[in-house]
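Undergrad: Residue numbers (this note's numbering), protein chains in the order written: chain A, 381 to 856; chain B, 381 to 856. Glycine included, each C-beta is placed from N, C-alpha and C at the ideal position. My structure is below; once you've seen it, I'll send some questions.
Number of protein chains: 2
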Amino acid sequence: MKHIVSSLVLAGTTLVPDTRAATPPPAIPPEIRRAAEALREKAFAGTRATEWVRSLVDTAGPRLTGSPGDRASIAWGMATLKALGFANVRAEKVTAPFWERGVETGEVTAPYPHKLFLTALGGSVGTPDPGLEAEVIEVASLDELGARKESDVRGKIVFFNRRMRRTADGAGYGEAVTVRSRGASRAAKLGAVGVLIRSIGTDSNRTPHTGSLRYEAGVAKIPAAALSNPDADLLERLLRGGKPLRVRFTLGCRDRGQTESANVIGEIRGRDKPEEIVLLACHRDSWDLGEGAIDDGAGCGIVIEAARLISGMTPPPRRTIRVVLFANEENGLAGGRSYSTDHEDELARHVAALEADLGSGQPIGFSWNAGPSAEPLVREIASLLEPLGAGDVRSTGAGGADIARLILAGVPLFSVRQDASRYFDWHHTSNDTFDKIEPESLDRMTAAVAAFAYVAASVPEPFEKIPVEKRVLPRW
Amino acid sequence: MKHIVSSLVLAGTTLVPDTRAATPPPAIPPEIRRAAEALREKAFAGTRATEWVRSLVDTAGPRLTGSPGDRASIAWGMATLKALGFANVRAEKVTAPFWERGVETGEVTAPYPHKLFLTALGGSVGTPDPGLEAEVIEVASLDELGARKESDVRGKIVFFNRRMRRTADGAGYGEAVTVRSRGASRAAKLGAVGVLIRSIGTDSNRTPHTGSLRYEAGVAKIPAAALSNPDADLLERLLRGGKPLRVRFTLGCRDRGQTESANVIGEIRGRDKPEEIVLLACHRDSWDLGEGAIDDGAGCGIVIEAARLISGMTPPPRRTIRVVLFANEENGLAGGRSYSTDHEDELARHVAALEADLGSGQPIGFSWNAGPSAEPLVREIASLLEPLGAGDVRSTGAGGADIARLILAGVPLFSVRQDASRYFDWHHTSNDTFDKIEPESLDRMTAAVAAFAYVAASVPEPFEKIPVEKRVLPRW
Chain A
381 MKHIVSSLVL
391 AGTTLVPDTR
401 AATPPPAIPP
411 EIRRAAEALR
421 EKAFAGTRAT
431 EWVRSLVDTA
441 GPRLTGSPGD
451 RASIAWGMAT
461 LKALGFANVR
471 AEKVTAPFWE
481 RGVETGEVTA
491 PYPHKLFLTA
501 LGGSVGTPDP
511 GLEAEVIEVA
521 SLDELGARKE
531 SDVRGKIVFF
541 NRRMRRTADG
551 AGYGEAVTVR
561 SRGASRAAKL
571 GAVGVLIRSI
581 GTDSNRTPHT
591 GSLRYEAGVA
601 KIPAAALSNP
611 DADLLERLLR
621 GGKPLRVRFT
631 LGCRDRGQTE
641 SANVIGEIRG
651 RDKPEEIVLL
661 ACHRDSWDLG
671 EGAIDDGAGC
681 GIVIEAARLI
691 SGMTPPPRRT
701 IRVVLFANEE
711 NGLAGGRSYS
721 TDHEDELARH
731 VAALEADLGS
741 GQPIGFSWNA
751 GPSAEPLVRE
761 IASLLEPLGA
771 GDVRSTGAGG
781 ADIARLILAG
791 VPLFSVRQDA
801 SRYFDWHHTS
811 NDTFDKIEPE
821 SLDRMTAAVA
831 AFAYVAASVP
841 EPFEKIPVEK
851 RVLPRW
Chain B
381 MKHIVSSLVL
391 AGTTLVPDTR
401 AATPPPAIPP
411 EIRRAAEALR
421 EKAFAGTRAT
431 EWVRSLVDTA
441 GPRLTGSPGD
451 RASIAWGMAT
461 LKALGFANVR
471 AEKVTAPFWE
481 RGVETGEVTA
491 PYPHKLFLTA
501 LGGSVGTPDP
511 GLEAEVIEVA
521 SLDELGARKE
531 SDVRGKIVFF
541 NRRMRRTADG
551 AGYGEAVTVR
561 SRGASRAAKL
571 GAVGVLIRSI
581 GTDSNRTPHT
591 GSLRYEAGVA
601 KIPAAALSNP
611 DADLLERLLR
621 GGKPLRVRFT
631 LGCRDRGQTE
641 SANVIGEIRG
651 RDKPEEIVLL
661 ACHRDSWDLG
671 EGAIDDGAGC
681 GIVIEAARLI
691 SGMTPPPRRT
701 IRVVLFANEE
711 NGLAGGRSYS
721 TDHEDELARH
731 VAALEADLGS
741 GQPIGFSWNA
751 GPSAEPLVRE
761 IASLLEPLGA
771 GDVRSTGAGG
781 ADIARLILAG
791 VPLFSVRQDA
801 SRYFDWHHTS
811 NDTFDKIEPE
821 SLDRMTAAVA
831 AFAYVAASVP
841 EPFEKIPVEK
851 RVLPRW
C-alpha cells in the first residue's frame, strides 16, 4: 500500500531524480486519486449506462424538438433522475425552433427511371406541391460550385457529390459537413432550384443521413435533401454515361415556428462547495429518422450513470456534479443558449464542463481547454484514464455543441474522445437504433467520465479558467 | 510442354502406381482441358461480368414481374445478347402473377409510440383501409405457434421472432424461411388477424426483407409483413417489459391477376451437336425494394459473360450454350414453369443445367446431381475449378429455382456454390444495389461457370442423366 501511495505521489512529475529541487505535490491528493481509481475500476467492470439508454429509447423513441417524443423524454428525464436520487431535478424551459419533416419522395426521371432514397436536410423548406423536377449538375465541393458559371447552374438541381472519409476520430465529418450546412445557399446564389447532397456518412445503406442546414440571410431558400450513398453512386454512374440526368423530388417538410422544450437537470450536491459546479452534458433531443440511441441516448446514459456512481462515493465530492440533458441540440442549439443565459450569474462558479455526444464507441483520449496552469492536473487525470485507453492528452477537441457557449465565460472544457469508426454509418439515419449500442464501450466511457468528474469536483484547486483572449466561439 | 501434357493426362486418376491395370483415359480430353484452363485463367484475370450487371441495373432498375422495370429489362436482355453476338436471341412469353406493393406504414401504439420499418411479404393481401391494429403475441417458430391455444391467438397479430444464422453457405436461410412462406396461413388457422415476422436476414439495418409467402387453400388470407431486424428487436424488448404490446400497420399491396412477361434467351451455337444444350440460367426479375443487383443481376452478369467468353474459344464447343434470363423467379416461378413446358420436346437433349443466383460472393465449391457414372467427369471439372476455390465437390445443393423442374426430365443439374456470408444482409431489401457487387468475386464465378460450361459442351460423353427414381421436385 505504501509503495502504491509513493508511486502515486510521483505521478505527473519527472522521473529523473533531482535532489536540489523539492518534488511538487501532486495536483490530485492521494486519497482523491485512490477513490477515483476505485470508481474507475468499478465502472470498468460494468455499469447501468446501457440500461438508461434502453429506457430512454424504448419509452420516448425519436425526440426531435416539438415532437411527442421530445415531450415524452422530458418526462422520462425528470422521472429517471428523481428515481436515481438526484437533487434539484427540474425541467428548465427552452424556446426552440420547431421543424417537421412530412412526406418525402425522390426519383430519377431521365435517362432511366429509378426510385431515390433521400431525406430533407433539417430546416429545409419544402418543395412545391407537385414536387420539383430539374436537370442535375454535379459538383464535388463548395469551391467547385463557386468556379461554375451562373448560366451552368441556373434552373438546375445541384448535386454535391463528396464522400466522407472513415476515421477513428470522426475527422472526416468536419471535412465533409460544410456542403450540408452551406450548400443550399451557395447554390441558390447561382440560381439553382434545389440541392441534393451525398449523405455525410460512411455506410453503404439505403438510409440517407439528415442534419441541419443554414440558410444565409437575404438568399432565396431552396429545398435541400441528402441522398443515401447508394443513390448518390447511382447518380454518379448515370452522369458518367453522358446523357442528361433529371431528378424529381418532393419534400413535405415545414417550419412551424417556435415551440417549448426543456433542459432537464439534476444534481449530485457537493459536500463542501455545493455552489461550485462540474457540468456533465448530453443532449436529450434527437433527429426524427431513427431512435436517437447513439445520438445522443448514449451520451445521456454515460453522464447519468457517471453522476449516479459518484453519488455513492467516499469521500463525497467537494463540489456539485450537475447533469444537464440539453434540448434542441440537433436543430437550433436553443438548449445550450438558454442555459448560458439563464445561468449567467453562475457561470463563474462552473469549474469544468464535459459533453458526451459521439455515440457508444470506446474512449481513445482526453482533450482539454483551460488556462495553462491546469496542465499538471490535466495530465494526472489523463494518467488516471490511461487504463481505459483514454490517456492520450490533447489540447484540441474539448467541449461539445451544447456547452460551447460556456467558453465565453472561460469555463474549462473537457472531452473524453471516442472511437467513432462506425458512428457515421448510422449518425442521423433511421439506423440509429438501440442495437448499435456497445455496452462494454459505454461502461468504459462511463468510467472515464466518472473518474474525471469526481476528480474535478474533489481537488482543492480547480482548473485555471480559459484565458480571456481564447474565449471565442468555435465556427461551425 | 510435354511435361504439362502428361500431368494433365493423369489428372483425375490415382497417383499410386499400379502396373497391373491400364490407366483409364481422362473424362476430359487433354485439348479440351487445356482450352478450359486457358479460359479459366483469362476470366480469373478480369471479365466484363460487372459491366453487364451495372448496365442491367442502371437501365432497368427494380424488375418485379409486371412493373416497368420488368419490361425494360426484357428489352435490355434482347439488345445486350444481340450486341454481344448471341444467336437465336428471343423473348419467350411467360404468363405470370402480378402483385403490387403500395403504401406501407407501421407503428407501435402501446405501451409507447414508435414508428416501425416493415414491408409486405410478396403475395400478401393488403390491410383494410384504416390499417390493422391488434395486440401482439410472440412465437419463435411454427411449432411454437402450433402449441398455442386458439384462444391465445384469436384476434391477435402473431410476431414470428426467429433470428437467421449467418453462414458462409447460406444454410441459415433455409432454416428460417418457413415462417415467411407458411406463417400467415398457420396463424390464420388459429384466428390471427395479421402476421409480422422478424426479417429473414443477417443485418442490423432498418431495411426489412421481403420475399414470397404462400397462402394455403381454404384458409383465410391475412396480411403479413416483415419487420427490419432493429424493429423486431424493439418489439422483443417491449414484450419483455411485460405490458401489452399493440401494433398498427397498413399494407396497400394487391393482387393484380396475371400479366405478360418473358424469358430472354440467347445461344452460342455448338459446332458439332448444336441440338444438344448446356443451359446457363439466372433470373432477370427482382424484388421491387432494391435494384436487384445481387439478386439476380449478379447471376445474369456471370452467365452472359461466361457464354460470351466461350463464344471466342478454340476449339469451339461441340454443343450449344443456351443462356436463359428467367422471368418471375421471385413471386411465382412462372418463367421456369413455362420453359419446361415450352421446351418439353427438347429436354432430353439438355445435357446440363446450371443457375447462378446467390449474389456476387466468391466460389467455394461445386455441386452436382446426375447419374452415378458422371462422377469421374464431375471430379475432373472440380479439379479444374480448384484454383478458383471451387474444388470442393458435393452431391447436394445443385440446381436453382428456375431450373428445378428440369429434374423431372432427368437433366443433370450443377451449381458453383458461392460464399454467401454477406448476401443475406441485403437480400430482398432496398439495400440490393450495385455497390454490393464484388467485381473480383464475380470474375471468379464467371471463370468457374465458363470452365464448367465449356467442358460440358465439349466432352465426347456427356453426364449420365439423373436416375428415374431421383426425378423428384424439391419441396420449398
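1. For chain A, is any of its Cβ atoms less than 8 Å away from the one on B/Leu395?
2. I'd like to know if B/Gly632 contacts chain A, where contact means its C-beta is closer than 8 Å to some C-beta of that chain.
3. Would you verify that the beta carbon of B/Asp675 is, or is not, closer than 8 Å to some beta carbon of chain A?
4. Does the segment 735-748 of chain A touch the segment 413-425 of chain A, meaning 3 or more C-beta pairs lie closer than 8 Å?
5. Would you tell me roughly how many angstroms separate the C-alpha atoms of A/Gly677 and A/Trp667, rounded to the nearest one?
6. Report yes or no: is there a C-beta of chain A within less than 8 Å of the C-beta of B/Gly446?
7. Using 8 Å as the threshold, is the C-beta distance between A/Leu501 and A/Ala567 below it?
8. What separation, rounded to the nearest whole angstrom, lies between the Cα atoms of B/His807 and A/Leu713?
9. Applying a beta-carbon distance threshold of less than 9 Å, which residues of chain A neighbour B/Phe814?
10. Under a CB-based cut-off of 8 Å, is A/Tyr492 close to chain B?
11. Is the Cβ-Cβ distance between B/Val703 and B/Glu656 less than 8 Å?
12. Compute the distance between the beta-carbons of B/Pro743 and B/Arg824, then report whether it is under 8 Å.
13. Using a Cβ-Cβ cutoff of less than 8 Å, which residues in the same chain neighbour B/Met381 once the five nearest sequence positions on both sides are dropped?
14. So, with DSSP's three-state summary, where would you put B/Lys623?
15. Whole angstroms are fine: how far does the CA of B/Glu484 sit from the CA of B/Tyr492?
16. Around the Cβ of B/Leu853, are there at least 16 other Cβ atoms within 10 angstroms (buried) or fewer (exposed)?
17. At a CB distance below 9 Å, what residues from the segment 448-473 of chain B approach chain A? Give them in sequence order.
18. Restricting to Cα atoms, I'd like to know which of A/Leu793, A/Asp611, A/Arg413 and A/Gly780 is closest to A/Ser763.
19. Is the segment 499-515 of chain B touching the segment 564-579 of chain B, taking contact as three or more C-beta pairs under 8 Å?
20. For the candidate residues A/Gly739, A/Ile787 and A/Thr721, whose alpha-carbon lies nearest to that of A/Glu472?
21. Do A/Leu436 and A/Ala831 have their C-beta atoms closer together than 8 Å?
22. Take A/Glu685 and list the residues in its own chain whose beta-carbon comes closer than 7 Å to its own, dropping the five residues that flank it on each side.
23. By the 10 Å Cβ neighbour count, where 16 or more other Cβ atoms means buried, how is A/Gly621 classified, buried or exposed?
24. Consult DSSP for A/Leu618 and reduce its assignment to one of helix, strand or coil.
25. Count the other CB atoms, across all protein chains shown, that sit within 10 Å of the CB of A/Thr700; report buried if there are 16 or more and exposed otherwise.
26. Tell me, please, whether the CB atom of B/Arg594 is closer than 8 Å to any CB atom in chain A?
27. Would you give the residue range spanned by the beta strand (DSSP E) that B/Ser795 belongs to?
28. Given that B/Asp665 touches chain A, what residues does it touch there, using C-beta distances under 7 Å?
29. Can you check DSSP and say which residues form a bridge with B/His861?
30. Could you tell me the boundaries of the beta strand (DSSP E) in which A/Ala471 lies?
31. Does the beta-carbon of B/Lys850 have 16 or more other beta-carbons within 10 angstroms, so that it is buried, or is it exposed?
32. Provide the residue(s) that pair with A/Ile517 in DSSP beta bridges, ordered along the chain.
33. Which of the three DSSP states is assigned to B/Lys845 in this structure?
34. Between the C-alpha atoms of A/Thr809 and A/Asp815, what's the straight-line distance to the nearest angstrom?
35. From B/Gly449, B/Val627 and B/Ala440, pick the residue whose C-alpha is nearest to that of B/Ile517; which is it?
36. Considering only their Cβ atoms, is the gap separating A/Gly550 from A/Asn711 smaller than 8 Å?
TA: Reading from the atomic positions:
1. Caution is warranted here: a pLDDT of 47 is assigned to B/Leu395, below 50, making its placement in the model unreliable, and the coordinate value is therefore given only provisionally. Chain A, which has no Cβ nearer than 8 Å to the Cβ of B/Leu395, makes this no.
2. no
3. So, not an interface residue.
4. no
5. 11 Å
6. no
7. no
8. 40 Å
9. Pro610, Asp613, Leu614 and Arg617
10. yes
11. no
12. yes
13. Only weak support is given to the placement of B/Met381: the predicted model assigns it a pLDDT of 34, under 50, and the question is left unresolved by the model.
14. coil
15. 20 Å
16. exposed
17. Pro448, Gly449 and Ala452
18. A/Arg413
19. yes
20. A/Thr721
21. no
22. Thr427, Arg428, Ala429, Trp432 and Thr826
23. exposed
24. helix
25. buried
26. no
27. In the DSSP assignment, B/Ser795 falls within the beta strand (DSSP E) that extends over Leu793 to Gln798.
28. Under a criterion of Cβ atoms nearer than 7 Å, no residue of chain A is adjacent to B/Asp665; the nearest Cβ is some 17 Å distant.
29. As shown, chain B starts at 381 and ends at 856. That puts residue 861 of chain B outside it, with no answer to give.
30. Ala467 to Glu480
31. exposed
32. A/Val538
33. coil
34. Taken atom to atom, the span from the alpha-carbon of A/Thr809 to that of A/Asp815 is near 14 Å.
35. B/Val627
36. no
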